[in-house]
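Residue numbers for the sequence shown follow my numbering, so the first one is 689 and each next one is one higher.
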Amino acid sequence: MPVKTEKHTRFADELRLIPRWAWVLAGLGLICIPILFVTVLSHDPKAPSFGGLVALGILAGLFMPCYFLLIVYVNHDAGRRGMNRVIWTLLAIFVPNALGIILYFLLRQPLPSLCPHCGARTQSGYGYCPKCGKNLTLHCNRCQHAVHADDVYCPYCGNALSSTDSSLPAPQPQQS
């Protein structure tokens, strides 16, 4: 019998940012909103038929919990990215037509990384750690452009990237 391997996706990891209490509230909303929608609007003489009320209640019951979960996600993701949680959460709530949420996804900062030397949080574009000054990217000593670990020559200035270059790790000997 083949063994089933679980494959985690990035989307599943992102959903784990949303705390359990938010999932519970969204589940309650998924159940209660359609019931409230039908019971409250059924007394209105201008309300659509019962089938229309049920359909509209289900749509509202799906939309509102999803919107709530998106707002909670924005709050937790903004904190994870070092952005102001309160401002982005308020924008997500009060900018109409979900434009605040769209703006967040367009303008959010990349995830920070950790310095391999001291463990401080650094932004993705940093070349050096702001706490310890450790070089975070490999670079050419002549022109200071970023280079890849397997480059022999700098693609920008042609400088030979030797093993004595302090910005590069020593190359591994090849076995023949």
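Glycine is no exception: its CB is placed at the ideal position from the N, C-alpha and C atoms.
All values reported here derive from a predicted model rather than from experimental measurement.
Could you say if the segment 764-779 and the segment 721-741 meet the contact criterion of at least three C-beta pairs nearer than 8 Å? no
Along the alpha helix (DSSP H) that carries T777, what are the first and last residues, could you check? 773-782
Figure out for me which residue from V760, L799, A834 has the closest Cα to the Cα of L703. V760
Rounded to whole angstroms, what is the Cα-Cα separation between C828 and P798? 25 Å
Whether or not the segment 735-754 and the segment 713-723 are in contact is what I'm after, with contact meaning three or more pairs of Cβ atoms, one per stretch, closer than 8 Å; do they touch? yes
Alpha helix (DSSP H) containing P722: first to last residue? 708-729
What does the alpha-carbon distance come out to for the pair A848 and D839? 9 Å
Are the beta-carbon atoms of I719 and L757 separated by less than 8 Å? no
Can you give the Cα-Cα distance for G821 and G815, rounded to whole angstroms? 9 Å
Could you tell me if Y841 is buried or exposed, where buried requires 16 or more neighbouring beta carbons within 10 angstroms of its beta carbon? exposed
Can you tell me whether C845 is buried or exposed? The criterion is at least 16 other CB atoms within 10 Å of its CB, across all chains shown. exposed
Among Y792, L824, S812, which has the Cα closest to the Cα of H805? L824
Where does R809 sit, in a helix, a strand or coil, going by DSSP? strand
Could you give the C-beta distance for I789 and V762, rounded to a whole number, given that I count them as a contact under 8 Å? 6 Å
Buried versus exposed, by CB contacts within 10 Å (16 or more), G739: exposed
Strictly by DSSP, which residues pair up with S801? T810
Can you name the start and end residues of the alpha helix (DSSP H) that N763 belongs to? 738-768
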